[in-house]
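Structure first, commentary second.
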Amino acid sequence: MSSSSALARNPNEPARASTDVRLSVEQVSYAHSANPSQAPLFTLEATSFQAKPGEIVAILGPNGSGKSTLLKLISGALAPLSGRVLLNGFVIHSLTPRTRAQRIAVVQQESTLLFPARAWEFVLQGRHAHGRSLRFESESDVLIAKNALAQVGAAELSDRWMDQISGGEKQRVILARALAQQPLLLLLDEPTLHLDIAAQIGLLDSLRQLAAANRYTVVVVTHELNLAAEYADQVVLMQRGRCLRVGPPASIYQRELLEQVFQTPLTVEFGSNGRPRVNVLSGTQ
Amino acid sequence: MRPLTLRRLLLQCSILLVILFGVVVIAIKFGAVPVSLYALGRDLWNVLVHQRAAISSDYVLIIQNIRLPRILLGIIVGASLSVAGTSFQALLRNPLADPYVLGVSSGAGLGAILALIAEPHLNVSPTLAALLTPVGAFLGAAATITAVYFLGRREGQIDGNTLLLGGVITGSFISAIIMFLMSTLSGNLRGLSFWLMGELSTPLQKSIYWFLGIGFLAAAGAIYTTASDLNLLLAGEKEAMHLGVDVPRVRLVVYVAASFLTGLAVSVSGAIGYVGLIVPHVMRLIFGSDHRTLLPTAAIGGAIAVVFADTLARTVVAPSELAVGAVTAVVGAPLFIYLLRRRLA
Numbered sequence: 000m001s002s003s004s005a006l007a008r009n010p011n012e013p014a015r016a017s018t019d020v021r022l023s024v025e026q027v028s029y030a031h032s033a034n035p036s037q038a039p040l041f042t043l044e045a046t047s048f049q050a051k052p053g054e055i056v057a058i059l060g061p062n063g064s065g066k067s068t069l070l071k072l073i074s075g076a077l078a079p080l081s082g083r084v085l086l087n088g089f090v091i092h093s094l095t096p097r098t099r100a101q102r103i104a105v106v107q108q109e110s111t112l113l114f115p116a117r118a119w120e121f122v123l124q125g126r127h128a129h130g131r132s133l134r135f136e137s138e139s140d141v142l143i144a145k146n147a148l149a150q151v152g153a154a155e156l157s158d159r160w161m162d163q164i165s166g167g168e169k170q171r172v173i174l175a176r177a178l179a180q181q182p183l184l185l186l187l188d189e190p191t192l193h194l195d196i197a198a199q200i201g202l203l204d205s206l207r208q209l210a211a212a213n214r215y216t217v218v219v220v221t222h223e224l225n226l227a228a229e230y231a232d233q234v235v236l237m238q239r240g241r242c243l244r245v246g247p248p249a250s251i252y253q254r255e256l257l258e259q260v261f262q263t264p265l266t267v268e269f270g271s272n273g274r275p276r277v278n279v280l281s282g283t284q
Numbered sequence: 000m001r002p003l004t005l006r007r008l009l010l011q012c013s014i015l016l017v018i019l020f021g022v023v024v025i026a027i028k029f030g031a032v033p034v035s036l037y038a039l040g041r042d043l044w045n046v047l048v049h050q051r052a053a054i055s056s057d058y059v060l061i062i063q064n065i066r067l068p069r070i071l072l073g074i075i076v077g078a079s080l081s082v083a084g085t086s087f088q089a090l091l092r093n094p095l096a097d098p099y100v101l102g103v104s105s106g107a108g109l110g111a112i113l114a115l116i117a118e119p120h121l122n123v124s125p126t127l128a129a130l131l132t133p134v135g136a137f138l139g140a141a142a143t144i145t146a147v148y149f150l151g152r153r154e155g156q157i158d159g160n161t162l163l164l165g166g167v168i169t170g171s172f173i174s175a176i177i178m179f180l181m182s183t184l185s186g187n188l189r190g191l192s193f194w195l196m197g198e199l200s201t202p203l204q205k206s207i208y209w210f211l212g213i214g215f216l217a218a219a220g221a222i223y224t225t226a227s228d229l230n231l232l233l234a235g236e237k238e239a240m241h242l243g244v245d246v247p248r249v250r251l252v253v254y255v256a257a258s259f260l261t262g263l264a265v266s267v268s269g270a271i272g273y274v275g276l277i278v279p280h281v282m283r284l285i286f287g288s289d290h291r292t293l294l295p296t297a298a299i300g301g302a303i304a305v306v307f308a309d310t311l312a313r314t315v316v317a318p319s320e321l322a323v324g325a326v327t328a329v330v331g332a333p334l335f336i337y338l339l340r341r342r343l344a
C-alpha cells in the first residue's frame with residue numbers, strides 16, 4: 000500500500016528492478032574509533048545481503064557482534080566505510096533525513112519522553128516527515144495514525160498517557176508510530192527486550208502479519224534464537240564484527256555453528272513446520 | 000484523538016492577549032503617581048470621536064513618556080526571554096534550562112558591557128553605535144551557551160545536572176568579571192543592579208524599539224518554523240533524525256535565534272531571571288507541550304509575567320523602585336528548587 004504511493008510522488012525514481020529486491024546491502028563495512036589517530040575499537044567487515052518486500056530478516060549474534068552497527072548502517076544513521084546500502088536502488092545514506100523517514104521507520108530499544116504525551120500524539124509524530132514543517136495534522140494523518148494503532152491492536156490506548164502504560168503496550172504504540180510513517184523498510188532494534196513472553200509472541204505475530212499485508216521489508220536485531228527461527232525468512236548470523244552466514248533459518252541453525260558463535264552447548268531440532276528450535280544446555284548437563 | 004488546529008491555537012492566544020491587555024491597563028494605572036482609568040478612558044474616547052484634538056490631562060506625560068514605553072519594553076523582553084527559555088529547554092532536553100540559570104544572560108551582559116566600553120573607541124555613526132550593544136550581547140550569549148553546552152557534556156552525551164551546574168558556575172564567574180569591570184571603569188555603563196538583576200527603567204531611543212520589535216519577530220519566527228521539529232527533538236536527537244528531522248539545521252537555527260533573543264533582552268533590560276523557566280512551565284501545564292502552541296503562548300505569557308512583575312517592582316516600595324529581576328527571582332528561585340527536587344525524586 001505504501002510503496003506505490005510513496006514512489007509515485009518522486010519523479011526521479013528509477014523503474015523498479017524486475018528482480019524485486021527492495022533492500023540491498025552491498026559489501027558494507029564500518030570502523031569505529033574513539034580517536035581518529037588510533038586503531039579502531041570496533042570494525043564491521045564487509046557484509047552483504049538482500050531482502051524483498053514482505054520479508055522478515057533477523058540479524059542474530061552475541062553481544063558486540065556488530066548487529067546494532069549493521070542496523071544503523073541500514074538506517075542511514077551511520078555512513079559506511081566502504082560499500083553501500085540501497086533501498087529501491089537509492090543509496091540510503093545520501094538521502095535527506097526527511098526522505099529517509101518517509102521510507103524507513105526505526106523502532107529503537109527505548110523511547111524516553113521529557114514531557115508527558117498521549118499515545119495518539121506520539122503516533123502522530125510518525126506523520127512528521129510527510130508534511131511541511133509548520134502545518135497542522137490533516138484528517139488523513141489522523142486516519143493513518145488511527146489505523147496504525149488499530150493494526151497493532153492498541154486502538155484503546157489512544158488517549159492514555161505514554162508514561163502510564165505497560166512496557167508491552169508502549170512497545171506497540173512505538174510500533175504504531177513507525178507504521179504511521181508508511182515506510183518501505185521497518186527496522187527494529189531488540190523490540191522484544193523487556194517484554195514478557197506473551198507480549199513477545201504478540202509483537203512478532205503482528206509484525207509477520209504487517210509485513211505480509213503491507214509488504215514491508217522488516218529487519219530485526221535480536222538475541223532470541225527461537226523467535227528468530229520462528230518468524231524470520233532470512234537470518235544474518237554475526238560474530239565479532241563479521242557476517243558468518245546469510246540464509247533461511249533451517250540452513251543457518253546448525254549445532255556446531257551456533258555453539259561456536261554463542262559459546263554455549265546447545266541442541267537444534269526441527270519442528271513439524273520445518274522451522275528449527277534451539278535448546279540451550281546448562282553447564283551441569 | 001484531538002490534534003492541534005489553527006483555530007484552537009488562535010483561541011488560546013486570544014485568551015492570553017486579553018489577559019495581557021488587562022495587565023497593561025493595571026500597569027498604566029498603578030505607579031508612584033496613580034492614574035484614573037475612568038478619566039483616561041473618557042479622554043481617549045473624546046480624542047477618538049474628535050471632540051478634542053489631544054489628551055490634555057496632566058497624566059498624559061507620565062503615560063506616554065514613561066509608563067507606555069516601559070510596558071512595551073516589558074512585553075518585548077518578557078516574550079524574548081520566555082521564547083529563549085522554551086527553546087533551550089527543548090534543545091538541551093532539560094526542563095530546567097533558562098537563559099539566566101544557564102549563565103547565558105550574564106554572558107550577554109558581559110558582551111553588552113564590552114561593546115559599551117569599545118563604542119567610544121570605534122568610529123561609527125550614532126545609529127550603528129546604538130546597535131553595537133545588542134550585537135555585543137548576542138555574541139556574549141552565543142559564546143556562553145556554546146561553552147555551557149560543552150561543559151555539560153559527559154562521554155558525548157549532555158548530562159542534565161552537569162549542564163545546570165556548569166551554567167550556574169559560568170554565570171557566577173561572568174558576574175564576577177562584570178563587577179570587576181564596573182568597579183575599575185567608569186562612563187556610561189549603567190548601574191550594577193541593571194546588569195546583575197535586570198531593570199526596565201532605562202529610557203531608550205525610539206528607533207531602538209523598532210529594532211527590538213523587528214528583531215524579536217524575526218528570531219521568534221525562525222524558531223517557530225522548527226516548532227514541530229522541537230516536539231520530536233524532545234525524544235532525543237537520534238529518534239528525531241529517524242522521524243525526519245534535519246537535526247543539525249534545527250539545532251543551529253534555534254541556538255542562534257535563542258541566543259539572539261537573550262542578547263536582545265539583556266542589552267536593554269539586564270539579566271532578568273527565571274522568566275524563561277516559569278512561563279513555559281505554566282503554559283505547558285495549561286496548554287500541553289506541543290511547541291506549535293507552547294512557543295506563541297509562552298511569548299504572550301512572558302510578556303504578561305514581566306509587565307506584571309515590573310508593575311510590582313514599581314509599586315511595592317514606591318516612591319522607590321525594586322529591580323524587576325528581584326521580583327521574578329523571588330517567585331522563580333523557589334519554583335526552580337521545587338522542579339529540581341521533583342525531577343531528582
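If you read the protein sequences in the order shown, they are chains A and B.
The numbers in numbering that gives the first Met the number 0 rise by one with no breaks, and the one at position 233 of the first sequence is 232.
The numbers in numbering that gives the first Met the number 0 rise by one with no breaks, and the one at position 253 of the second sequence is 252.
Idealized CB from N, CA, C, for every residue including glycine.
Predicted model, so just to flag it, every value in this text is computed and none were measured.
So with Cβ pairs under 7 Å, would you call residue i a contact of chain A?
i      : result
B/D245 : yes
B/T327 : no
B/M240 : yes
B/R92  : yes
B/S258 : no
B/T292 : no
B/S81  : no
B/S288 : yes
B/P68  : no
B/M282 : no
B/P232 : Rather than Pro, the amino acid found at residue 232 of chain B in this sequence is Leu. Taking Cβ atoms only, chain A never reaches closer than 7 Å to B/L232, which makes this a no.
Check whether the Cβ atoms of residue i and residue j lie closer than 7 Å to each other.
i      : j      : result
A/V234 : A/L69  : no
A/A228 : A/R274 : yes
B/L3   : B/D289 : yes
B/A135 : B/L113 : One point to set straight first is that residue 135 of chain B is Gly, not Ala, in the sequence displayed. It is a contact, given that the beta carbons lie within the stated cut-off.
A/Q108 : A/E189 : yes
A/E54  : A/T221 : no
A/V56  : B/H241 : no
B/V330 : B/G300 : no
A/S157 : A/A118 : yes
B/V32  : B/I61  : yes
B/A322 : B/G197 : yes
A/A153 : A/R126 : no
B/G106 : B/G139 : yes
Going by C-alpha to C-alpha distance, which of the options sits closest to residue i?
i      : options                        : result
B/Y99  : B/V305, B/G166, B/P133         : B/G166
A/E44  : A/R239, A/R254, A/F269, A/S271 : A/R239
A/T191 : A/L184, A/Q181, A/P182, A/S205 : A/S205
B/V103 : B/L115, B/I157, B/G77, B/S174  : B/S174
B/L163 : B/V34, B/L203, B/G269, B/N93   : B/N93
B/V281 : B/T296, B/R248, B/R291         : B/T296
A/K169 : A/E155, A/Q180, A/Q181         : A/E155
A/E255 : A/H127, A/S74, A/K51, A/T266   : A/T266
B/L67  : B/S200, B/L338, B/L8           : B/S200
A/S281 : A/L243, A/F269, A/F261         : A/F261
If we cut at 7 Å on Cβ distances, does residue i have a partner in chain B?
i      : result
A/H31  : no
A/A78  : no
A/Q170 : no
A/P275 : no
A/L94  : no
A/L22  : no
A/W119 : yes
A/F135 : yes
A/Q124 : yes
A/V141 : yes
A/V105 : yes
A/S4   : Confidence is the limiting factor: at A/S4 the pLDDT is only 42, short of 50, which leaves the residue's position unreliable and the question unanswerable from this model.
In this structure, what does DSSP give as the bridge partners for residue i?
i      : result
A/A30  : A/T42
A/P275 : A/F269
A/C242 : A/M237
A/E25  : A/R83
A/T221 : A/L59
- Message: Quick check for students: name the residue ranges of the beta strand (DSSP E) that lie wholly in the stretch 105-170 of chain A, counting only runs of 3 or more.
- Response: Counting only runs of 3 or more, we get nothing.
- Message: My parser needs the alpha helix (DSSP H) runs of 4 or more residues fully inside the stretch 42-108 of chain A; what are they?
- Response: Those alpha helix (DSSP H) runs which fall completely within the stretch 42-108 of chain A and span 4+ residues are 66-74, 96-102.
- Query: What alpha helix (DSSP H) runs, 4 residues minimum, are completely inside the stretch 317-341 of chain B?
  - Reply: none
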